[in-house]
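**Q** Residue numbers (my numbering): 73 to 447.
1. Going straight from the alpha carbon of residue 321 to that of residue 273, what length do you get?
2. Helix, strand or coil: which one does DSSP assign to residue 82?
3. Is it buried or exposed, residue 439, if we count other Cβ atoms within 10 angstroms and call 16 or more buried?
4. Pop quiz: residue 418 and residue 358 are said to be a contact at Cβ under 8 Å. What is the actual Cβ separation, rounded to whole angstroms?
5. Check the C-beta distance from residue 268 over to residue 281 and give it rounded, since I have them as a contact under 8 Å.
6. In terms of alpha-carbon separation, which member of 315, 117, 399 and 381 lies closest to residue 206?
7. Do residue 431 and residue 190 have their C-beta atoms closer together than 8 Å?
8. Whose C-beta lies closer than 7 Å to the C-beta of residue 459 among residues of the same chain, with five residues either side of it excluded?
9. Nearest to residue 402 by CA position, among 139, 340 and 386, is which residue?
10. Decide if residue 364 is buried, meaning its Cβ has at least 16 other Cβ atoms within 10 Å, or exposed.
11. Under the DSSP definition of a beta bridge, which residues are partnered with residue 279?
12. For the alpha helix (DSSP H) holding residue 219, just list the boundary residues, first then last.
13. State yes or no: is the C-beta of residue 168 within less than 8 Å of the C-beta of residue 354?
14. Taking only three categories from DSSP, how would you classify residue 152?
15. State yes or no: is the C-beta of residue 114 within less than 8 Å of the C-beta of residue 209?
16. Less than 8 Å between the beta carbons of residue 380 and residue 171, yes or no?
17. I need the DSSP call for residue 440, collapsed to helix, strand or coil.
18. Across the segment 118 to 132 and the segment 76 to 87, are there enough close Cβ pairs to call them in contact, namely three or more that are closer than 8 Å?
19. Can you tell me which residues form a DSSP beta bridge with residue 227?
20. Apart from the five residues on each side of it in sequence, which residues of its chain come closer than 8 Å, Cβ to Cβ, to residue 99?
21. Name the two residues that bound the continuous beta strand (DSSP E) containing residue 254.
22. With a CB to CB cut of under 6 Å and the five nearest residues on each side skipped, what residues in its chain are close to residue 433?
23. So who's on the other strand from residue 199, going by DSSP bridges?
24. Rounded to whole angstroms, what is the Cα-Cα separation between residue 324 and residue 219?
25. Indicate whether residue 276 and residue 298 have their beta-carbon atoms separated by less than 8 Å.
26. Between residue 278 and residue 368, what straight-line distance do the alpha-carbon atoms span, to the nearest angstrom?
27. So residue 373 and residue 141 are in contact, right, with Cβ under 8 Å, and what is the actual spacing, rounded?
28. Use the C-beta contact count for residue 192: other C-beta atoms within 10 angstroms, 16 or more gives buried, fewer gives exposed.
29. Measure the alpha-carbon distance for residue 350 versus residue 227 and round it to whole angstroms.
30. If you check the beta carbons only, do residue 405 and residue 383 fall under 8 Å apart?
31. Indicate the three-state DSSP secondary structure (helix, strand or coil) for residue 264 in the structure shown.
Here it is in structure tokens:
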């Protein structure tokens, strides 16, 4: 690494650390003021509140990291320009793009971190936070237990089967009070498998206390029992626990139809799409907008570099407050475009890829245009 790159990185990483810590502290403090009454109603103590914010910290990090990078870049570049360092570097024959190379490296690294945090830390963190909120609630014997779902319908359009499940434990995969029947028979049920409980053991669904019913040629006659057994293994049923859990998460999100953010992990979206190759138009737009939004979100850090570098190198006469105001304006504009795009995409008014990627494309073009104008 060249001496210049090390110098530029050092001058960036120090304000980045301060900005990131400051934004996280601000975000947590503002959220605490909003939810403090809710914490009191749920009888949470100081230790519980600390545990809660440690659980949601990855979600806050996803929100503030691009903002912190933008402000740190504008601060560092404005300082370099004010002290004529940018002019000296370019007078030495170093182009703007070469000067920005370490910044792009930081942007790519943070984009990768953002992707990993968003996919692997945020979802379990949200679940942990909900558990903490319920930590001191009085015991209700009639309430569903942890990771327990009742009266669940799981449809596998890929293989043409529907599962009706009385109680499903998403952590263990155990089911009770269930029935399985085909879905591609014009509403009829040529057969139905009923079981007291079921588990997936070594990749094979195993049913206990099974009754298999078969319809007769007479549509008015009741189904005829064709099999009764204590144990039945059905390797033909290829549904996995991951697919069932993804179905639950997607259905909950689709019921809300929330377009505020791309909040469903990619692996859950892909599992759902594998199970449902034939989607309605509304579901297709909703799911693919969420998927493209999930893929586009981490690239925000690279877009931030594209915008900040040409904007910052000409800011030698600006003070730090102008940099703060500029970063707020850029972030607000990006956020508005992102929300408009997701809303239009999930409602089917524009293509999902355009809805998700438009803010990145728009601000990238602005960054390239500003870079061309910089002399």
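Even glycine gets a Cβ: it sits at the ideal position worked out from N, Cα and C.
**A** Let me spell this out:
1. Roughly 23 Å between the two C-alpha positions.
2. Note: residue 82 maps to helix in three-state DSSP.
3. Per the 10 Å Cβ criterion, buried.
4. With a Cβ gap of about 5 Å, residue 418 and residue 358 count as contacting.
5. With a Cβ gap of about 4 Å, residue 268 and residue 281 count as contacting.
6. Looking at the Cα atoms, 117 is the closest of the given residues.
7. Taking the C-beta atoms as reference points, residue 190 is found no nearer than 8 Å to residue 431.
8. Within the shown structure, residues of the chain are numbered from 73 to 447, placing residue 459 beyond reach of any answer.
9. Nearest C-alpha to residue 402 among 139, 340 and 386: 139.
10. Within a 10 Å sphere around the beta-carbon of residue 364 sit 16 or more other beta-carbons, which makes this residue buried.
11. For residue 279, the beta-bridge partners assigned by DSSP are 270 and 304.
12. It is not in any alpha helix (DSSP H) - residue 219 carries neither H nor E in the DSSP assignment.
13. The criterion of a C-beta distance shorter than 8 Å is not satisfied by residue 168 and residue 354.
14. In this structure, residue 152 counts as helix in the three-state DSSP scheme.
15. Closer than 8 Å, so yes.
16. Not closer than 8 Å, so no.
17. Helix at residue 440.
18. Judged by Cβ distances under 8 Å, the segment 118 to 132 makes no contact with the segment 76 to 87, as fewer than three pairs qualify.
19. Checking the DSSP bridge columns, you'll see residue 227 partnered with 234.
20. Hits under 8 Å: 132, 135 and 136.
21. For residue 254, the enclosing beta strand (DSSP E) begins and ends at 247 to 254.
22. Cβ neighbours of residue 433 beyond the five flanking positions: none.
23. For residue 199, which the question treats as bridged, DSSP gives no partner whatsoever.
24. Rounded to whole angstroms, residue 324 to residue 219 spans 14 Å at the Cα level.
25. Using a Cβ distance threshold of 8 Å, residue 276 and residue 298 do not count as a contacting pair.
26. Straight-line measurement puts the Cα of residue 368 at about 41 Å from the Cα of residue 278.
27. Confirmed, Cβ separation roughly 6 Å.
28. With fewer than 16 other Cβ atoms within 10 Å, it is exposed.
29. The straight-line gap from Cα to Cα measures roughly 12 Å.
30. Remark: C-beta atoms of residue 405 and residue 383 do not approach each other more closely than 8 Å.
31. It is a strand residue.
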